[in-house]
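Data first, discussion second: the structure below is written as structure tokens.
2 protein chains.
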Amino acid sequence: MLAKAKASPERCSVNCFDDCSLPQAQTVARKSREIDEPIARMGRLVHYRRGAEIFGEGQPAEYIYRVVSGAVRTSRILNNSRRQICQFYLPGDYFGLEAQNEQPTSAFAVNDTQILVTNRHMIAKLTYRRRDLTQQLMEIANKETKHLQDQILLLTKTAEERIAWFLLQMSQRTDSANLVNLPMPRQDIADHLGLTIETVSRTLKQLARTGWIKQLSSRRIQLVKLDALTRLVS
Amino acid sequence: MLAKAKASPERCSVNCFDDCSLPQAQTVARKSREIDEPIARMGRLVHYRRGAEIFGEGQPAEYIYRVVSGAVRTSRILNNSRRQICQFYLPGDYFGLEAQNEQPTSAFAVNDTQILVTNRHMIAKLTYRRRDLTQQLMEIANKETKHLQDQILLLTKTAEERIAWFLLQMSQRTDSANLVNLPMPRQDIADHLGLTIETVSRTLKQLARTGWIKQLSSRRIQLVKLDALTRLVS
DNA sequence: CGAGTCTTTGAGGGGAGTCAATTCGTGTGG
DNA sequence: CCACACGAATTGACTCCCCTCAAAGACTCG
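Heads up: the protein sequence lines correspond to chains A and B, in order.
Residue numbers for the first sequence, in this note's numbering: 12 to 245.
Residue numbers for the second sequence, in this note's numbering: 12 to 245.
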């Protein structure tokens, strides 16, 4: 099942960072503070409705993006109508940097999402004056590469290990310690981990049965035994 | 089964490009001729024995490498002693660029291999004088990223599709049209595609039975129906 | 020729996919 | 406020693809 590509990005020129008060936005942003300031000043805040397309596979890569609130998924479609979700981006995360000329993936808003959109030309101009920015942009790109390699390792593992890895990943990125809030539906998780929604569901139940997690609701999961989960993925 | 990390790189300071007469070396090199010349002049030709370690995971990334003859595999080890082969590099290919500070993978010589090794500082100096080099190095890195994404898509497919994809990939990279020469053993192929050697063997036989390929020997495979194979991976 | 490695082939089992039915959750309208 | 609708999520039964374990061939090199 593919998400509907209802392209209805509603643009607002006012910089309304009010709902960017999520903890993860602050922590992730903190790591790359140096480039935040200049890029943020140049960017424009755009609002995307749930399911809206931010950019499509093959489109020219004119902008770089930063999630302010909400969540974004990048994906690629296979011939057999299967979908691979490459990555989820949470508040504070940059995306769209890995592209040189045209986007290798499509990007959609998982929920109603606010995104800081900055023209690449502006970035390029800035890097001429400040050479250190190039280095930092490269680092973000390399972080992406590292993640891709981790994901490759992941896809050779069992369903239980994939789910555990995903939960730990999400918990680390939102630094709410033991409580994971999943902004995306099961289908998105399945397409990210190379599983089916049924297997995702069953595996979560299995982990809950062993007492390592607690399913507060379908989208809210408490990590009870972090050490056991960590040992599983190690 | 892990390959023995018999680190015995024998260095020769003479630039002996004699056995670099393979067709693929020339074609791949042609694509990036502009950076070949300067880098080649700065580099040093090093010989590695079959199975020798070129660099290890976590080691500082001081050099960039280019295969002159032979073949190289980069790999990562999982806790459960499983091995993921990230990529094979054939004559003309660059590797070791994606690393910023430390190598995310290990690199081994599949066969007796000659590699052009160039210090990163030298490259860095060069990029100061010629800005276009940065762009070209970025492009090589982005090509790596693209390949990683393709590999992720691959790992959600069936064994037959993975094998077909691998054969097509190898045939394209060696531009010997229909004849694929596999420099690596089955175990390496299996670890690259996330399969077992038995499944690799069985799937190859299956493809031969349908008449899409012909197994001239275990390492030499003729692609009979390119269109059918292409349709399989599409 | 024999030792070792690589590759093939076979039999059996398990983990995840497929198909189908039910339950849960949310929003809408009477 | 309840009834209903619709999608999301869960649960169950069954199937199949690939892995595991085991043994036999094929190839290389001393």
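Glycine residues also receive a C-beta, built at the ideal position from the N, C-alpha and C atoms.
The structure displayed is predicted, hence computed values, not measured ones.
Under 8 Å by beta carbon: chain B residues contacting Ser-245(A): In chain order: Asn-90.
Same chain, Cβ closer than 8 Å to Leu-215(B), neighbours up to 5 away in sequence not counted: Cβ within range, chain order: Ile-174, Ile-224, Gln-226 and Ile-232.
Taking the continuous alpha helix (DSSP H) assigned at Ser-182(A), which residues delimit it? Under the DSSP assignment, Ser-182(A) falls in the alpha helix (DSSP H) whose first and last residues are 170-185.
Residues that Pro-115(A) contacts on chain B, provided the C-beta gap is smaller than 7 Å: Under a criterion of Cβ atoms nearer than 7 Å, the residues of chain B adjacent to Pro-115(A) are, in order, Lys-157 and Gln-160.
Tell me which same chain residues have a C-beta within less than 7 Å of the C-beta of Leu-179(B), skipping the five on either side of it? Correct list, in chain order: Leu-240, Thr-241 and Val-244.
C-beta contact flag for Phe-106(B) and Arg-77(B) at 9 Å: Closer than 9 Å, so yes.
Contact criterion: CB-CB distance below 9 Å. Does Gln-233(A) meet it with respect to chain B? Interface annotation, Gln-233(A): not in contact with chain B, CB-CB separation never under 9 Å.
If the cut is a Cβ gap below 7 Å, which residues of chain B does Gln-70(A) touch? None at all; the shortest Cβ gap to chain B is about 16 Å.
For Tyr-74(A), which option in Pro-115(A), Leu-108(A), Ala-63(A) and Gly-67(A) has the closest C-alpha, if you only look at C-alpha atoms? Just measuring C-alpha positions, the residue of Pro-115(A), Leu-108(A), Ala-63(A) and Gly-67(A) sitting nearest Tyr-74(A) is Leu-108(A).
Taking any Cβ of chain A, which residues in the stretch 83-107 of chain B have a Cβ under 9 Å from it, in chain order? So the close ones are Arg-87, Leu-89, Asn-90, Asn-91, Arg-93, Gln-95 and Cys-97.
Measure the alpha-carbon distance for Thr-124(A) versus Ala-82(A) and round it to whole angstroms. Approximately 6 Å, taken between the alpha carbons.
Measure the C-alpha to C-alpha separation of Glu-155(B) and Arg-52(B) and round it to an integer number of angstroms. If you draw a straight line from the Cα of Glu-155(B) to the Cα of Arg-52(B), it is about 24 Å long.
Note down the Cα distance separating Thr-210(A) from Arg-230(A), rounded to an integer number of angstroms. Straight-line Cα distance between these residues: approximately 16 Å.
What's the call for Ala-135(A), buried or exposed, on a 16-neighbour Cβ count within 10 Å? Counting Cβ neighbours within 10 Å, Ala-135(A) comes out exposed, since fewer than 16 surround it.
Do Asp-202(B) and Arg-93(B) count as a contact pair if the criterion is CB distance below 9 Å? Cβ atoms of Arg-93(B) and Asp-202(B): closer than 9 Å.
For a test of the three-state rule: what should DSSP assign to Arg-242(B), helix, strand or coil? In this structure, Arg-242(B) counts as helix in the three-state DSSP scheme.
Would Glu-172(A) be called buried (16 or more neighbouring beta carbons within 10 Å of its own) or exposed? So Glu-172(A) counts as buried.
Quick one: is Ala-152(B) near chain A, going by C-beta distance under 9 Å? The Cβ of Ala-152(B) sits closer than 9 Å to at least one Cβ of chain A.
Can you tell me where the beta strand (DSSP E) with Ala-118(A) in it begins and where it stops? Start and end: 117-120.
Anyone know if the C-beta pair for Leu-234(B) and Val-191(B) falls short of 9 Å? Yes.
With a threshold of 9 Å between beta carbons, is Pro-34(B) in contact with chain A? Residue confidence for Pro-34(B) is low, a pLDDT of 34 falling below 50, so the modelled location carries little weight; the figure read from the coordinates is stated next. No, because no Cβ of chain A sits closer than 9 Å to the Cβ of Pro-34(B).
Using only the alpha-carbon positions, how far apart do Val-228(A) and Ser-182(A) sit? Checking the displayed sequence, the identity of residue 228(A) turns out to be Ser instead of Val. Between the alpha carbons of Ser-228(A) and Ser-182(A) lies a gap of roughly 16 Å.
Taking C-alpha atoms, which residue in Ala-188(B), Glu-150(B), Asp-161(B) and Ile-65(B) lies nearest to Ala-120(B)? Residue Ile-65(B) holds the alpha-carbon nearest to the alpha-carbon of Ala-120(B) among Ala-188(B), Glu-150(B), Asp-161(B) and Ile-65(B).
Hey, is Ile-65(A)'s beta-carbon within less than 9 Å of any beta-carbon in chain B? With 9 Å as the cut-off, Ile-65(A) does not count as an interface residue toward chain B.
Which residue marks the beginning of the alpha helix (DSSP H) containing Glu-113(B), and which one marks its end? Note, Glu-113(B): premise wrong, no alpha helix (DSSP H); not H, not E.
Taking a cut of 7 Å between CB atoms, which residues from the stretch 118-151 of chain B lie near chain A? Those would be Met-149 and Glu-150, in chain order.
Counted within 10 angstroms of its Cβ, other Cβ atoms place Thr-167(B) as buried (16 or more) or exposed: Here Thr-167(B) is buried. Its C-beta has 16 or more other C-beta atoms within 10 Å.
Would you call Tyr-139(A) buried or exposed, if buried means 16 or more other Cβ atoms sit within 10 Å of its Cβ? Classification of Tyr-139(A): exposed, given that the 10 Å Cβ count is below 16.
Where DSSP assigns a beta bridge to Ser-86(A), which residues make up the other side? Answer is Ile-96(A) and Ser-117(A), bridged to Ser-86(A).
With Val-211(A) as the anchor, note down where its beta strand (DSSP E) starts and where it stops. No beta strand (DSSP E) contains Val-211(A), which is instead part of the alpha helix (DSSP H) from 208-220.
Thinking Gln-95(B) and Leu-89(B) are a contact (beta carbons under 8 Å), I'd like their distance in whole angstroms, please. The beta carbons of Gln-95(B) and Leu-89(B) sit about 7 Å from each other, so the pair counts as a contact at 8 Å.
Spatially closest choice to Leu-148(B) from Asp-186(A), Gly-67(A), Gln-111(A) and Thr-85(A), by CA coordinates: Considering only Asp-186(A), Gly-67(A), Gln-111(A) and Thr-85(A), the residue with the shortest C-alpha distance to Leu-148(B) is Gln-111(A).
Quick one: what does DSSP say Arg-60(A) is sitting in, helix, strand or coil? Look at Arg-60(A) here: in three-state DSSP terms it is coil, with no helix or strand label.
Is the beta carbon of Leu-127(B) sitting closer than 9 Å to the one on Gly-67(B)? In this structure, Leu-127(B) lies away from Gly-67(B), with their beta-carbon atoms at least 9 Å apart.
Do we get a CB-CB distance below 9 Å when we pair Thr-167(B) with the residues of chain A? Yes, Thr-167(B) lies at the interface with chain A (some Cβ there is under 9 Å from its Cβ).
Which of the three DSSP states, helix, strand or coil, is assigned to Lys-154(B)? Lys-154(B) carries a helical assignment under DSSP once its states are collapsed to helix, strand and coil.
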